[in-house]
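Reviewing the structure listed below.
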Amino acid sequence: MTIYAIGDIHGHLDQLRAAHDRVAADRAREGTGAASLVHLGDLVDRGPDSAGVVECLADLAAGDPRVVVLKGNHDAMFSEFLDLGPGPARSRWLGDTMGGRETLLSYGVRPDLGESGSHAALRAAVPTHHRRFLATLPSMHRAGGCAFVHAGIRPGIPLDAQDEEDLLWIRGPFLFDTRDHGALIVHGHTPVERVELHANRLAIDTGTAWGGPLTAVAIEDARTVFVLTDTGRYRVRPVAP
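First residue of the sequence shown? That's 10 in our numbering, and the numbers climb one at a time after it.
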């Protein structure tokens, strides 16, 4: 078994293309042409080309059944603002820290139009197929003894009974829980300096939103994970319990 996964993208189309190139090179070296490639969400916000990332992945997923794209919390906020417009919770997306303004700019929308003006301009600017793609993103993908999600899972709850809010947003209760979850949970959302392989989870968001690299990994089994580089792959050492 090999499954490829890519962490949080946050509007960095150049890094996404480079990660795809590393996956393609690894497929050629390792003979893993049929392996799935899972993107862990947060396609948009903070980076310079969210629109380009959405276009790239919508096109790729439509033409390649190996490609899986999950929903992240930033993707959910973007979709909710598009669909429902201004509101107390959705206004957070346009705040100083979430990166929604950068997403507006990537679609050619000025960020100084106010919430109502931004909503109207964004609805006119975002292509219909982008909206449809974002609206249909799943929040979990299970394969090969792994459960791929954006943020994590609620410990103690069966995987098929998880609440999407937790899958998109959870941190502490998941990150500090050492129980066996019934699958290796592969997640992003909480940035780490380097990929972390724990007994029950694999963290691969290496902070692309904050100037870090976009990481692609090859997962062979729950204890055998490789980070892909421009010169090959290197094995991730498990974190000591």
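The C-beta atom is built at its ideal place from N, Cα and C for all residues, glycine as well.
Every value quoted in this text rests on a predicted model; they were computed, and no experiment measured them.
Taking the C-beta atoms as reference points, Leu-237 is found nearer than 8 angstroms to Val-32. Residue pairing from DSSP places Glu-205 in a beta bridge opposite Ala-212. In this structure, the alpha-carbon of Gly-42 lies about 32 angstroms from that of Gln-171. Under the rule that a run must span 4 or more residues, the alpha helix (DSSP H) segments found entirely inside the region 43–105 read 59–72, 82–93. When secondary structure is reduced to three states using DSSP, Pro-200 falls in the coil class, being assigned neither helix nor strand. With distances taken between CA atoms, Ala-28 lies nearest to Gly-241 out of Ala-249, Val-245, Gly-241. Counting C-beta atoms within 10 angstroms of its own C-beta, Ser-88 has 16 or more neighbours from the protein chains shown and is therefore classed as buried. Put simply, the backbone Cα of Ala-134 is about 6 angstroms away from that of Tyr-116. Arg-244 carries a strand assignment under DSSP once its states are collapsed to helix, strand and coil.
Nearest in C-alpha terms to Leu-177, of all of His-19, Asp-84, Ala-129, is Asp-84. Of all C-beta pairs linking the region 203–215 to the region 11–27, three or more are shorter than 8 angstroms, placing the two stretches in contact. In terms of Cβ geometry, Ala-192 and Gly-154 form a close pair [threshold 8 angstroms].
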